[in-house]
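*Asks:* First the structure, then my questions, so here it is.
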DNA sequence: TTTATATGCCTAGCTAATCTACATATACGG
DNA sequence: CCGTATATGTAGATTAGCTAGGCATATAAA
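Protein chains in written order, with this note's numbering: chain A, 16 to 126; chain B, 16 to 126.
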């Protein structure tokens, strides 16, 4: 009802996750934390968005998952980037650059 | 099935339309053309996205519509920005800047 | 001791945006 | 006369992300 109050730019979650995982294998909870930290709390991934996204990316073969032990000593599922995932990250990053530049160009247009 | 092949950055259509209309009243077809032109064909609005969006924005009070005559001599519905619409454009533009910078920051992060 | 907070995983169900694909109509150039 | 560009629209499907829940453990605070 609330006319969309997104904590993300729609459509960018996948590329964000791929990028964070490319920096080193990490578990879901940690991925969300990193996105929040690096973006200085501008971008916030809800858990109801995060986990389905991770499963989606794994199913598409871009991420690989395996259980391991988190820094805290607790069990956690660690995700790492596959070779195909790295390709995908590159292509999605290029696409982001292209599209975001275009949007910015329009928004900066003076009449 | 085709894993989303968007011609837009999801969620940016509204602000794009508001911006184009802010440059001067224009009809739907023309709005789509301008977006395509300014972005050098990077951004392309499908008609099935365009018209529902226009009706949405009008219903929310950000656009005002009135029938008039296009340059071609044909009847067309011209949209112009309301006062509230201008506010909305400002706020959505600021939001875009904030979010897109955050996304770019993450994608540029070196490990 | 009980309780709150942080960590960690997950699903169900909803909404909203966008897409594809259609339908309609006029003007113009060949 | 026919194809293309202009111009408006809807129906139906898909999909992403959200809210709101559930489960479990560890630790800090009360």
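We treat Cβ as the ideally placed atom computed from N, Cα and C, and that holds for glycine.
Only a predicted model underlies this, so the values are computations on that prediction, with no experimental measurement involved.
Alpha carbon to alpha carbon, how far is residue 81(A) from residue 93(A)?
*Replies:* Cα to Cα, the separation comes out at about 5 angstroms.
*Asks:* Specify whether the stretch 44 to 64 of chain A and the stretch 44 to 57 of chain B touch according to this definition: at least 3 beta carbon pairs, one from each stretch, less than 8 angstroms apart.
*Replies:* With a cut-off of 8 angstroms, the stretch 44 to 57 of chain B and the stretch 44 to 64 of chain A do not count as touching, because too few Cβ pairs lie within range.
*Asks:* Quick one: using the 10 Å Cβ neighbour count with 16 as the cut-off for buried, is residue 102(A) buried or exposed?
*Replies:* Exposed, by the Cβ-count rule.
*Asks:* So, helix, strand or coil for residue 68(B), using DSSP?
*Replies:* DSSP places residue 68(B) in helix when its eight states are reduced to three.
*Asks:* When you compare only the Cα positions, how much space is there between residue 125(B) and residue 100(A)?
*Replies:* Roughly 17 angstroms separates the two Cα atoms.
*Asks:* Apply the 10 Å Cβ neighbour rule to residue 117(B) and answer buried if 16 or more other Cβ atoms are within range, or exposed otherwise.
*Replies:* Flag for residue 117(B) reads buried.
*Asks:* Under a three-way DSSP split, which group does residue 23(B) fall into?
*Replies:* Three-state result, residue 23(B): coil.
*Asks:* May I ask you to verify whether the stretch 35 to 44 of chain B touches the stretch 28 to 43 of chain A, counting CB pairs closer than 8 angstroms and requiring at least 3?
*Replies:* Judged by Cβ distances under 8 angstroms, the stretch 35 to 44 of chain B makes no contact with the stretch 28 to 43 of chain A, as fewer than three pairs qualify.
*Asks:* Rounded to the nearest angstrom, how far is the Cβ of residue 24(A) from that of residue 114(B), given a contact under 8 angstroms?
*Replies:* That pair is a contact at about 5 angstroms.
*Asks:* At the 9 angstroms Cβ level, is residue 50(A) part of the contact set with chain B, yes or no?
*Replies:* For residue 50(A), the answer is yes, since a Cβ of chain B falls inside 9 angstroms of its Cβ.
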